[in-house]
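What follows is a set of notes on a single structure, which appears directly below.
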Amino acid sequence: MGVAPGVDVVVIGAGQAGLSAAYFLRRAGLEFVVLDANPGPGGAWRHRWPSLRLGRVHGIHDLPGLALPSADPTRPASEVVADYFADYEREFDIPVLRPVAVRAVREAGADLVVEADGAVWTTRAVVNATGTWDKPFWPHYPGRFDGRQLHTAGYRGPEEFEGKRVVVVGGGTSAVQALIEIAEVAAETTWVTRRPPVWHEGPFTSEHGRAAVARVDEAVRAGKVPASVVSVTGLGLTPEVLAAQRQGTLTRHPMFERLVPGGVAWADGRVVEADTILWATGFRHALDHLAPLALRTHGGGIVMDGTRVVADPRVHLVGYGPSASTIGATRAGRAAATELRTLLHPTPAHVG
Ligand code: FAD
2 MGVAPGVDVV VIGAGQAGLS AAYFLRRAGL EFVVLDANPG PGGAWRHRWP SLRLGRVHGI
62 HDLPGLALPS ADPTRPASEV VADYFADYER EFDIPVLRPV AVRAVREAGA DLVVEADGAV
122 WTTRAVVNAT GTWDKPFWPH YPGRFDGRQL HTAGYRGPEE FEGKRVVVVG GGTSAVQALI
182 EIAEVAAETT WVTRRPPVWH EGPFTSEHGR AAVARVDEAV RAGKVPASVV SVTGLGLTPE
242 VLAAQRQGTL TRHPMFERLV PGGVAWADGR VVEADTILWA TGFRHALDHL APLALRTHGG
302 GIVMDGTRVV ADPRVHLVGY GPSASTIGAT RAGRAAATEL RTLLHPTPAH VG
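Following the working numbering, the numbering of the sequence shown begins with 2 at its first residue and continues without gaps.
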């Protein structure tokens, strides 16, 4: 196993959060390396389904120092962001090593060691920016379904659902967007969610966004497992959503009780027959490689103060909890670099 020379900081993940952290670590004068499991630039965006066009995303915040160039809104967001991140890495000469999947981060006295297949880095601190895409959440329901099941992480667009009877599970934006496009080609769609969806009328103001972020921040400060920011903002009533509501595509059913060979069944005996179940049930933070540091509380969360892990100030989580949006990730990268500059070189410094 190769041992790389020691660095001040290892950044794990080269999505929005990791690249922002890298930019500010460079400005802080710290030595760092970025390790990314993906084969190329783009973070999780490079995996998003081609029908997720730039014009349909919530909005992608600029990385620090280089604005996202204006692009054709009909281009897949996956391509636009991958190109943008590639330009960004070149422009700022960000040392990203890929594909490098980190398997474990362990204590080594005052240092930490970061282990990947075939290589180990010794570092004074870690900025973890691994996002959620690699940890799709599949809830368990009893029973057996003989049709196809997939998660949104494996969704590639509506084409493959043509003529099928499809059950979509989940109350988030991904579920709503998939339903709207699948309903155009499917024989039948059924939408089930655990809780009734919360619709948000009018534009999402920055005040509204701040309130949602504050709620998630409060949860992670208390060491709870963070809900996604979108889950606390509600679903936007866009013209497309209103049209789908009128057509009945967004008629929501409560969660079924179990799977049956030909579909899904409720406790009252009702059955919906289906060929495919799409689990649009979200993601969890990809943090398994941090398990040796024993950062989690009994409740499964990690007690945070901003981006800093309270139990170990050498570890920062960016793109986590309240910063799990492109704007939050960008700001978190700066906050983590500022704190690590102070921790590792405790002299007055300004990284902005
Ligand atoms: P990611 O982009 O997920 O990057 C994490 C990187 O870490 C990846 O490259 C991954 O390969 C790497 N990695 C993971 N594990 C390891 C490991 N063990 N070792 C090494 N590398 C690892 N937010 C918005 O603000 N606007 C939107 O329009 C928007 N749309 C979204 C649409 C969908 C469908 C989803 C699921 C999310 C959306 N979000 C949106 C949320 C947004 O994607 C994220 O907040 C942000 O892009 C995540 O950036 P990140 O850097 O935290 O993580």
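Beta carbons: idealized from backbone N, C-alpha and C, even for Gly.
What is the residue span of the alpha helix (DSSP H) that residue 61 lies within?
Your numbering for residue 61 matches position 60 in the sequence shown. Per DSSP, residue 61 belongs to no alpha helix (DSSP H) and is neither H nor E.
Compare the Cα-Cα distances from residue 277 to each of 285, 264, 8 and report the closest residue.
For the purposes of this step, residue 277 is taken as residue 276 along the sequence shown, with counting starting at 1. If we check each option's Cα against that of residue 277, 264 comes out closest.
Go ahead and label residue 238 buried or exposed: buried means 16 or more other beta carbons lie within 10 angstroms of its beta carbon, across all protein chains shown.
One-based indexing of the sequence shown puts residue 238 at position 237. In summary, residue 238 is exposed, with fewer than 16 beta-carbon neighbours lying within 10 Å of its beta-carbon over all protein chains present.
For residue 103, verify whether its CB is less than 7 Å away from any heavy atom of the ligand FAD.
The count along the sequence shown starts at 1 and reaches residue 103 at position 102. Within the cutoff, so yes.
Buried or exposed: where does residue 259 fall if 16 or more other Cβ atoms within 10 Å of its Cβ makes it buried?
Within the sequence shown, the letter at position 258 stands for residue 259. By the 16-neighbour rule on beta-carbons within 10 angstroms, residue 259 is exposed.
Cβ-heavy atom distance between residue 49 and the ligand FAD below 7 Å?
To locate residue 49, count along the sequence shown from 1; it is residue 48. Residue 49 Cβ: within cutoff of the ligand FAD.
Using only the heavy atoms of the ligand FAD, determine whether one of them is closer than 7 Å to the beta carbon of residue 61.
Mapped onto the sequence shown, residue 61 falls at position 60. Checking the 7 Å criterion, the Cβ of residue 61 is within range of a heavy atom belonging to the ligand FAD.
Residues sharing a beta bridge with residue 150, DSSP:
If you number the sequence shown from 1, residue 150 lands on position 149. Beta-bridge pairing links residue 150 to 278.
Going along the chain, which residues of its own chain have a beta-carbon closer than 6 Å to the beta-carbon of residue 153, five neighbours each way excluded?
Here residue 153 refers to the residue found at position 152 of the sequence shown. Cβ-Cβ distances below 6 Å link residue 153 to 175, 281 in the same chain, with the five nearest sequence neighbours on each side left out; the list follows chain order.
Give the DSSP-derived three-state secondary structure of residue 29 in the structure shown.
As a working note, residue 29 is residue 28 in the sequence shown. In this structure, DSSP gives residue 29 a state outside helix and strand, which the three-state scheme calls coil.
Can you check whether the CB of residue 105 is closer than 8 Å to the CB of residue 317?
Residue mapping note: residue 317 aligns to position 316 of the sequence shown, counting from 1. Residue mapping note: residue 105 aligns to position 104 of the sequence shown, counting from 1. Using a Cβ distance threshold of 8 Å, residue 317 and residue 105 do not count as a contacting pair.
Proximity test, residue 175 beta-carbon vs the ligand FAD heavy atom, cut-off 7 Å
Translated into the one-based positions of the sequence shown, residue 175 becomes position 174. Yes, the ligand FAD has a heavy atom inside 7 Å of this Cβ.
Extent of the continuous alpha helix (DSSP H) to which residue 228 belongs
Within the sequence shown, residue 228 is the residue found at index 227, counting from 1. Per DSSP, residue 228 lies in no alpha helix (DSSP H) and is assigned neither H nor E.
Suppose you measure from the CA of residue 97 to the CA of residue 297; what does that come to, to the nearest Å?
Your numbering for residue 97 matches position 96 in the sequence shown. Your numbering for residue 297 matches position 296 in the sequence shown. So the alpha carbons of these two residues sit roughly 28 Å apart.
Is any heavy atom of the ligand FAD found at a distance shorter than 7 Å from the C-beta of residue 302?
Mapped onto the sequence shown, residue 302 falls at position 301. The closest heavy atom of the ligand FAD lies 7 Å or more from the beta carbon of residue 302.
Please state the DSSP three-state secondary structure of residue 37.
Sequence index remark: in the sequence shown, residue 37 carries index 36 (1-based). Three-state result, residue 37: coil.
Between which two residues does the alpha helix (DSSP H) harbouring residue 88 extend?
Mapped onto the sequence shown, residue 88 falls at position 87. Boundaries of the alpha helix (DSSP H) harbouring residue 88: 78–92, taken from the DSSP string.
What is the rounded straight-line gap between the Cα of residue 79 and the Cα of residue 165?
Residue mapping note: residue 79 aligns to position 78 of the sequence shown, counting from 1. Residue mapping note: residue 165 aligns to position 164 of the sequence shown, counting from 1. Taking the straight line joining both Cα atoms gives about 26 Å.
Note down, in chain order, each residue of its chain lying with its Cβ closer than 6 Å to the Cβ of residue 345, except the 5 sequence neighbours on either side.
Taking the first residue of the sequence shown as position 1, residue 345 is located at position 344. The answer, listed in chain order, is 9, 125.
May I have the straight-line CA-CA distance separating residue 293 from residue 314, to the nearest angstrom?
Here residue 293 refers to the residue found at position 292 when the sequence shown is read from its first residue. Here residue 314 refers to the residue found at position 313 when the sequence shown is read from its first residue. Approximately 16 Å between the Cα atoms of the pair.
Distance check for residue 114 and residue 107, CA to CA, integer angstroms please.
Taking the sequence shown and counting its residues from 1, the one referred to as residue 107 is at position 106. Taking the sequence shown and counting its residues from 1, the one referred to as residue 114 is at position 113. About 5 Å.
Beta-carbon separation (whole angstroms), residue 193 vs residue 254, contact threshold 8 Å:
The residue given as residue 193 occupies position 192 in the sequence shown. The residue given as residue 254 occupies position 253 in the sequence shown. Correct: roughly 5 Å between the Cβ atoms.
Pairs of beta-carbons, one from the region 199–210 and one from the region 175–185, closer than 8 Å: are there three or more?
No: the two stretches stay apart, fewer than three of their Cβ pairs being nearer than 8 Å.
Considering only their Cβ atoms, is the gap separating residue 14 from residue 131 smaller than 8 Å?
Taking the sequence shown and counting its residues from 1, one reaches residue 131 at position 130. Taking the sequence shown and counting its residues from 1, one reaches residue 14 at position 13. Contact flag set, yes.
Where residue 284 falls: helix, strand or coil (DSSP)
Translated into positions along the sequence shown, residue 284 becomes position 283. DSSP places residue 284 within a strand segment (E or B) once states are collapsed to three.
Going by DSSP, name the residue or residues bridged to residue 191.
By one-based count along the sequence shown, residue 191 stands at place 190. DSSP output for residue 191 lists 168 as bridge partner(s).
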